[in-house]
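If you're matching positions, the sequence shown starts at 857 in the numbering used here and goes up one per residue.
Built from N, CA and C at the ideal position, the CB exists for glycine as well.
It should be emphasised that the depicted structure is a prediction, and the values quoted were computed from it without experimental measurement.
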Amino acid sequence: MSLRLKLILSFITISLMVVSIFSVVAYISAREYTQHVEQVRLHKSNEHLFEMLDKSQPLLAQLQNIVPHHENRDNVFSIIDASQKKILPGGGFNLGTYLLTEVLAQSKNNEIQQGSFTIGEQEYLWSADQVPDSQYIIANTYLRDSSDISAFFNYVGSPLSTTLLISIWISVWAALLLARLFRQISEKNTQLEYQASHDLLTKLPNRASIGRSVQQAMESAKANHEGLLFCLIDIDALKEINDSLGHTSGDILLNQVTQRLKRTLRGSGHIGRFGGNKFSIMIKHSKTDNAENIRHKLLENFEPIYEIHGHSLYVHATLGIAIFPEHAGSAQELIQKTETALHTAKKLAVDSTIYDASQDNNSAERLRLTHDLRNAIHNEELQLHYQPQFDVHRNEIGSVEALARWIHPQQGFIPPDTFIEIAEQTGLIQSLTDWVLRTAIKQCAEWRDMGKYLTVSVNLSARNLHDETLGSQISNLLHYWDIAPDKLCLEITETAMMTNPAHAKKLLKELDNLGVRLSIDDFGTGYSSLGYLKQLPVDELKIDKSFVLNMAKDENDASIVRATVSLAHDLGLEVVAEGVENQVSQDQLSRMGCEYIQGYHIARPMPCDKLTEILIPVEKNNDAQPDKIPVNARSGNL
Ligand code: C2E
Ligand code: CA
Ligand code: CA
């Protein structure tokens, strides 16, 4: 039954009930009122009778004489002798003991004598009065007409039915009004619910709704021992399109992507707009094996060319995929792992990746490593190795690069690339660099005291360039160990310098003012412009090992190295080549005019004791004379 009909019926029922209650109350009131009127009339008839009596004549005889003449349908009298407690002959009405008891009981209590009683189906009203100055009572009785009720209804019938009709009409009208109001409220609620759970542009479920759907799908997948694939698709070009062609074009692109995804999945998956430039796809019953197929199908069908306002646009998408139960046990975890997979794909600049725990920065393994690294830095459990740099012109080891090493108590050697990245991401890099600087400068002082005044290079990370205290900390250390500032070289990668050029420039100027050497590390891997480099107060440029490693065999690499050396010299910078693994490369670099050479061919990074032994042989230690290592004596020894 519709809500409208239900409301109408309930309202009519209510109005019928109200009218019925009203009628009953009105009938009862009318009955009581007419009874009262009749009883007053009966009293008046009694009094009228008494007025006709002559006090000088015998009373009873007079009553017995008058009464019969005054009786009619509405007044039937009984003569009662109160002292003898009996009804005397003369009146037309004799109800015997009943009337007698009632009348006498009331006269005894001195109450107004009136009442009613029913015999069979007939109701009688009576009013009794004491004949003045006598023991006689006249009871006047009236047989109430049963037609009273119908008379009442005849009288109130028409206004009652009008009231009934009006109230039914009002009820129906109110019910219809209310039904309309309810319908509008429920439509509004549905609309609000839709808006809260859908993206209004693409009409796809939004992030909140996607979360709920994944939750439900996962519960049913768990119960049925099935799998669930969740995929996030990132539309790379959306921001550029919004910026260059306007938001309307961006909206058109999002709608076109929606249509393509729908065509690709043909109803077999659940598509959503995860937010901004991200779409999501959820496919049930997916095991890892067919995740590959789905990934290919999605990428294949995501045709790169989109036509928007007459422009043919190349739009690239990146996919991240995670699968239940392989990668996650809860909906929230599945979504989070998919986001990690997407993030990894973007970082590796590939089309797509399926979640891989080893690349997850938030995996339990990684968190444990972060915790251990914090302790290792705090307890000074890291070691500092040094890799010599050969000075081509002076034909000796003139400097060393300090490289951090971490031997994990359980996991053994952890590559610096791994723990340095963790330190950079967690902010631990600040205390790590602090420790490296303290250790390296102290070591530099020890070597100096042994007669070998080497330049020590220390690596800085992008995050160190935000440390306002770095300059004063370095200055204090140099002062404390009495080390000349140019004996410390700070290596900063090209990429780190470009992360926040304005900031980097400011800090480099401050460090330069201290007099320390500054070096651009891994040069050639970033995108720094020559114009920018010229503005920096750097002293040397370190060609990245990726160009140096194969330069002996690869003419292209050799050309890049040659051009870089010449560029650095034009800018007034000295050049360090790292990754020199053979004599041929070393000779090539010498011919090119490269000032410093670093690599396994010279020596691998090693602990300070070992390097001390090699650089400063025991007998020479005592003389405290600077040691010069001839080129031919170096190879393979260190
Ligand atoms: P990097 O600054 O480019 O350091 C040079 C890396 O090249 C070192 O790797 C070194 O062992 C390696 N290397 C040197 N010569 C050769 C060679 O002839 N052939 C090859 N294949 N490799 C060579 P390592 O020690 O594994 O360090 C890796 C990276 O970790 C460093 O790259 C640096 O970016 C970072 N790192 C190490 N220690 C520190 C540190 O104390 N602070 C910071 N911020 N980063 C550090
Ligand atoms: Ca370096
Ligand atoms: Ca390097």
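beta-carbon residue i near ligand 3 non-hydrogen atom, thresh 7 Å
{"i": "Glu1434", "result": "yes"}
{"i": "Asp1216", "result": "no"}
{"i": "Asp1413", "result": "no"}
{"i": "Asp1207", "result": "no"}
{"i": "Asp1092", "result": "no"}
{"i": "Asp1378", "result": "yes"}
beta-carbon residue i near ligand 2 non-hydrogen atom, thresh 7 Å
{"i": "Glu1396", "result": "no"}
{"i": "Glu1257", "result": "yes"}
{"i": "Asp1400", "result": "no"}
{"i": "Asn1315", "result": "yes"}
{"i": "Asp1426", "result": "no"}
{"i": "Glu1347", "result": "yes"}
Contact set for residue i: own chain, Cβ-Cβ below 7 Å, skip 5 residues either direction
{"i": "Phe1403", "result": "Gly1380, Asp1413, Ile1416 and Val1417"}
{"i": "Lys1134", "result": "Leu1088, Ile1089 and Asp1090"}
Residues of its chain near residue i, where Cβ-Cβ distance is below 6 Å and the 5 sequence neighbours each way are ignored
{"i": "Ile1285", "result": "Ala1279, Ser1317 and Arg1319"}
{"i": "Leu865", "result": "none"}
{"i": "Val1206", "result": "none"}
{"i": "Pro1535", "result": "Examination of residue 1535 is not possible in this model, given that the chain is present from 857 through 1494 alone."}
{"i": "Thr1349", "result": "Asp1377 and Asp1378"}
{"i": "Met1282", "result": "Looking at the sequence provided, one finds Thr at residue 1282 rather than Met. Around Thr1282: Thr1226."}
Contacts around residue i, its chain only, beta-carbon distance under 8 Å, and the 5 residues preceding and following it disregarded
{"i": "Val938", "result": "Reading off the sequence shown, one finds Ala at residue 938, where the question assumed Val. Here the set comprises Leu960, Ser963, Gln986, Gln991, Tyr992 and Ile993."}
{"i": "His1054", "result": "Leu1060, Pro1061, Asn1062 and Ser1065"}
{"i": "Val896", "result": "Ser983"}
{"i": "Glu903", "result": "Asp985"}
{"i": "Cys1345", "result": "Ser1255, Thr1311, Val1312, Ser1313, Val1314, Val1372, Arg1373, Leu1374, Ser1375, Asp1395 and Glu1396"}
{"i": "Leu1020", "result": "Ser871, Leu872 and Val875"}
Where residue i falls, given that 16 or more other Cβ within 10 Å makes a residue buried
{"i": "Val1440", "result": "exposed"}
{"i": "His892", "result": "exposed"}
{"i": "Gln1086", "result": "Residue identity differs from the one stated: residue 1086 is Phe in this sequence, not Gln. The residue in question, Phe1086, is buried, as its Cβ has 16 or more Cβ neighbours within 10 Å."}
{"i": "Arg1373", "result": "buried"}
{"i": "Glu1195", "result": "buried"}
{"i": "Gly1102", "result": "exposed"}
{"i": "Asn1081", "result": "Note that residue 1081 corresponds to His in the displayed sequence, not to Asn. Exposed is the call here."}
{"i": "Phe867", "result": "buried"}
{"i": "Ile975", "result": "exposed"}
{"i": "Asp1465", "result": "exposed"}
{"i": "Thr997", "result": "buried"}
{"i": "Ile1210", "result": "buried"}
{"i": "Ala1220", "result": "exposed"}
{"i": "Leu861", "result": "exposed"}
{"i": "Ala1079", "result": "exposed"}
C-beta contact flag for residue i and residue j at 8 Å
{"i": "Ser1313", "j": "Val1256", "result": "yes"}
{"i": "Gly1254", "j": "Gln1245", "result": "yes"}
{"i": "Ile1137", "j": "Leu1117", "result": "yes"}
{"i": "Ile1127", "j": "Leu1060", "result": "yes"}
{"i": "Lys1398", "j": "Glu1434", "result": "yes"}
{"i": "Ala1301", "j": "Trp1337", "result": "yes"}
{"i": "Ala1147", "j": "Ile1191", "result": "no"}
{"i": "Val875", "j": "Ser1023", "result": "yes"}
{"i": "Leu1364", "j": "Pro1341", "result": "no"}
{"i": "Val923", "j": "Ile935", "result": "yes"}
{"i": "Glu894", "j": "Leu981", "result": "yes"}
{"i": "Gly971", "j": "Glu958", "result": "yes"}
{"i": "Ala1296", "j": "Ala1258", "result": "yes"}
{"i": "Ile1097", "j": "Leu1037", "result": "no"}
{"i": "Val1248", "j": "Ser1446", "result": "yes"}
{"i": "Leu1240", "j": "Val1171", "result": "no"}
{"i": "Tyr1242", "j": "Met1462", "result": "yes"}
Any non-hydrogen atom of ligand 1 closer than 7 Å to residue i Cβ
{"i": "Asp810", "result": "This structure gives no information on residue 810, because the portion of the chain shown stretches from 857 to 1494."}
{"i": "Gly1268", "result": "no"}
{"i": "Thr1289", "result": "yes"}
{"i": "Glu1437", "result": "yes"}
{"i": "Gln1299", "result": "no"}
{"i": "Pro1461", "result": "yes"}
{"i": "Val1292", "result": "yes"}
{"i": "Gly1455", "result": "yes"}
{"i": "Ile1278", "result": "no"}
Any chain D beta carbon closer than 8 Å to residue i
{"i": "Met1138", "result": "No chain D is present in this structure, which holds just one protein chain."}
For the segment 985-1050, which segments carrying the beta strand (DSSP E) assignment without a break, of at least 3 residues, lie completely within its bounds, in sequence order?
992-999
Residue ranges of each beta strand (DSSP E) within the segment 1308-1339, 3 or longer
1311-1316
Considering only residues of the segment 1159-1226, which uninterrupted alpha helix (DSSP H) runs meet the minimum length of 4 residues and lie entirely inside it, listed in chain order?
1187-1204
Which ranges does the alpha helix (DSSP H) cover as unbroken runs of at least 4 residues, wholly within the segment 1446-1477, from first to last along the chain?
1464-1471
Whole runs of the beta strand (DSSP E) within the segment 892-944, excluding any shorter than 3 residues:
Segments of the beta strand (DSSP E) lying fully in the segment 892-944: 932-937 and 942-944.
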